[in-house]
Structure formats: C-alpha cells, structure tokens
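Taking our numbering, I'd label the letters of the sequence shown as residues 24 to 300.
Beta carbons are placed, not taken as given, at the ideal position from N, Cα and C, and that holds for glycine.
The structure presented is a predicted model; accordingly, all values stated were derived computationally and were not measured.
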Amino acid sequence: MKTPVPVSFEFFPPKTDQGHQTLLKVYDELKQAEPEFFSVTYGAGGSTQERTINTVIELNQRGVPTAPHLSCIGSTKETVVELLDRYKDAGIGRIVALRGDLPSGMGHTGGDFRYASDLVSFIRSHYGDQFELEVAAYPEMHPQAPNFDKDVDNFVTKANAGANRAITQYFYTVDAYKHFMLEVRKRGCEIPIVPGIMPITNVSNLVRFSDACGADIPRWLRKQLEACSDNTVRIKAIGLEVVSTLCQELLEAGAPALHFYTMNRSEASLAILEELS
Ligand code: FAD
24 MKTPVPVSFE
34 FFPPKTDQGH
44 QTLLKVYDEL
54 KQAEPEFFSV
64 TYGAGGSTQE
74 RTINTVIELN
84 QRGVPTAPHL
94 SCIGSTKETV
104 VELLDRYKDA
114 GIGRIVALRG
124 DLPSGMGHTG
134 GDFRYASDLV
144 SFIRSHYGDQ
154 FELEVAAYPE
164 MHPQAPNFDK
174 DVDNFVTKAN
184 AGANRAITQY
194 FYTVDAYKHF
204 MLEVRKRGCE
214 IPIVPGIMPI
224 TNVSNLVRFS
234 DACGADIPRW
244 LRKQLEACSD
254 NTVRIKAIGL
264 EVVSTLCQEL
274 LEAGAPALHF
284 YTMNRSEASL
294 AILEELS
C-alpha cells in the first residue's frame, strides 16, 4: 500500500501467548503500509519492562526497525545504560525517550531522572548520535503542566537537549496541532513534530484513555459517538470519517508523518490510510 506520508505504528507488549500471536499477525498486516518503524510502549515502575524488551527485539529481527519506548522516572543511570546497551547490541537505532508516570501509590521515585529532557541529555552525553531520539509532545498541554506556555517552553528545552523528532499525544482538533506548532516554531525550535493518531473503534475505551491522558474529545464528536455507543459498526464508520478527515487536514497543515496508536490492531489504521491514499 502506498501511503501519502511516512507512517509509524505503536504497540503495547502483549501479556499472553495469544496476544503475542495476534501481535505478529497485526505486524504482518501493518507491514504492507511500509512503515518507517514500529514502536513498543514501556511501563514506568517495572511491570511490563521485560516484555517490552523481548517484543522490541523480536519485532526488530522480523525486518521493520522497531523502537522501544523508554520511560526514565524511577530509574538509575546504571539501569538505563544496561538497557540501552542491550538495545544497541540488538541493532536497535531509535528510542522514544520519555519521563513516564509512576503507578499511583509508588510515591517518591528515588531515581536519577526528573524529566524526559534529563534522559535525552544523558543519552546524548553517553551515546553521542548512536540513537535517533523521539520525544513526546502535547498540543493540548501535558495534564500536569502549570500552563500552556510553560509546557511549550519545557518541550523546547527537551527538544534542544538533543531530540531528533517528536510524536504528539492524540487529539481530534486540528487547530490544537497548528497552534502548538506555531508556538514551538516561535521559540526557534525546528524539529519535526509527528501527530499521534488514535483511531476510534470503541467509545468507552476512548473515554477512559482520554480521561487518563488529558486528551480532549470535542463535544460535537462525543455527542455523536454517545448517541450510538452500542452500535459498533456505526462507531467505526464515524471514527473512520472523523479521523481520516483529521489526518487529511494535518497533512495539509504540514504534518511530516503520522504515528498510529494501534492498540495492537491493524484494521482501523489501515482503513484510515486507505482513505488517505
Ligand atoms: P516530560 O517531557 O518530562 O514532561 C512531563 C511534565 O513535566 C510536563 O508537564 C512538563 O511541562 C514538565 N516539565 C518538563 N521539564 C520541566 C522542567 N525542567 N521544569 C519543570 N517542569 C518540567 N508513558 C509510559 O509510561 N510508557 C510509554 O511507553 C509511553 N509512551 C508515550 C508515547 C507518546 C508518543 C506520548 C505522547 C506519551 C507516552 N507516554 C508513555 C506517556 C508519558 O510518559 C506521560 O505523558 C508522562 O506524564 C510525561 O512524559 P514526558 O516524556 O512527556 O515528560
């Protein structure tokens, strides 16, 4: 499939053998879109870390470059080096560098890193240019930031610490991306910022994720989805139309690539790409 822009796809590490088999199938299906890379999320604070490492190394060996997410909160420099050395030895060349969130109740971190910018600086000082570094961006503001301007300042500090590129939290309002880009560029930061795209297939999951990560579901969209929340076919049709239009508008606004939050499924992302092409 010829896509109109470079694409990448994000997975989470599967918990079960069946989840693992499904992921390999989804990987093969998404490979048709000739992605630049796949990425695999990483749980801060311990729970899924070994699964991320194994999944990244396995997927990378299957042919498409695969990037681990690496969240630094609660980690020491020694454990980060140990992990990055493992990735380097396995031929991994790209890292999604994050602060992460500690699971609630874990309290004080005790680690060597406070912000993702500390991790980016540390990787650059320790490994030079051996890794391409992606960082996170929040067009609708990170939920813990004191205000939008401060959050953009912090983003630019992180980019200037040595990030090659950023991937955004998902959003459904193209103006949020345009405004964020304007503010970042005003501050003299020129790194590519790739919109993160969340296909819509299930309303209750979408509402739950959005509440947790601070992504806004605009009223016009929420009302439309709520009106048919038990009709999966209708939800998918609305989701396809809304998200394809969003992607089209993002590309017209100059988005350099698209990064899909796949939830370990291929159908919705491929349908959007089909619409775009
Ligand atoms: P940071 O860039 O460090 O920012 C966190 C907060 O600190 C922001 O409010 C920022 O304004 C503020 N800040 C930054 N620097 C400073 C400073 N110097 N002084 C004061 N305040 C500052 N989470 C996971 O656990 N695992 C994953 O795999 C994962 N993947 C993700 C992928 C993407 C593309 C995105 C967008 C998010 C992902 N997350 C993941 C979620 C992310 O870890 C959380 O949003 C987390 O709360 C912030 O991480 P960050 O890297 O953006 O942090």
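- Contact check for Leu125 and Gly97: beta-carbon distance about 6 Å, within the 8 Å limit, so the pair qualifies.
- Rounded to whole angstroms, the Cβ separation of Pro222 and Ala278 is 16 Å, and the two are not in contact under 8 Å.
- Between Lys38 and the set Ile76, Gly211, Ala260, the nearest pair of CA atoms involves Ile76.
- Residue range 89–94 is occupied by the beta strand (DSSP E) that includes Ser94.
- Between Arg117 and Phe60, the gap from beta carbon to beta carbon is short of 8 Å.
- Not one heavy atom of the ligand FAD sits closer than 7 Å to the Cβ of Ile76.
- In terms of side-chain proximity, the C-beta atom of Ser31 is found no nearer than 7 Å to any non-hydrogen atom of the ligand FAD.
- Distances taken from the Cβ of Val119 to the heavy atoms of the ligand FAD include one shorter than 7 Å.
- A straight-line Cα-Cα distance of about 7 Å links Ala276 and Lys201.
- Look at His149 here: in three-state DSSP terms it is helix.
- A check of alpha carbon separations from Asn183 across Thr102, Val158, Leu82 identifies Val158 as the nearest.
- Look at Val30 here: in three-state DSSP terms it is strand.
- At least one heavy atom of the ligand FAD lies less than 7 Å from the C-beta of Ile190.
- Assignment of Gln192 by DSSP, reduced to helix, strand and coil, places it in the strand class.
- A distance below 7 Å between beta-carbons, with the five flanking residues on each side excluded, links Val104 to the following residues of its chain, in chain order: His149.
- Beta-bridge partners assigned by DSSP to Ser62: Glu33, Ala90.
- In terms of Cβ geometry, Val63 and Thr89 form a close pair [threshold 8 Å].
- In the three-state reduction of the DSSP assignment, Glu275 falls in the helix class, which pools H, G and I.
- Distance from the CA atom of Thr196 to the CA atom of Pro241, rounded to whole angstroms, is 8 Å.
- Residues of the same chain with a CB within less than 6 Å of the CB of Val79, apart from the 5 flanking positions on each side, are Val63, Thr89, Pro91 in chain order.
- Assignment of beta-bridge partners to Ala159 by DSSP yields Ile190.
- Each residue's CA atom was taken as its position, placing Ser94 and Leu142 some 9 Å apart.
- Taking the CA atoms as reference points, Asn228 sits about 32 Å from Gln84.
- Contact between Pro162 and Ala199 holds, with the beta-carbon distance rounding to 4 Å and staying under 8 Å.
- Annotated as distal: Ser252 and Pro27, with beta-carbon spacing of 8 Å or more.
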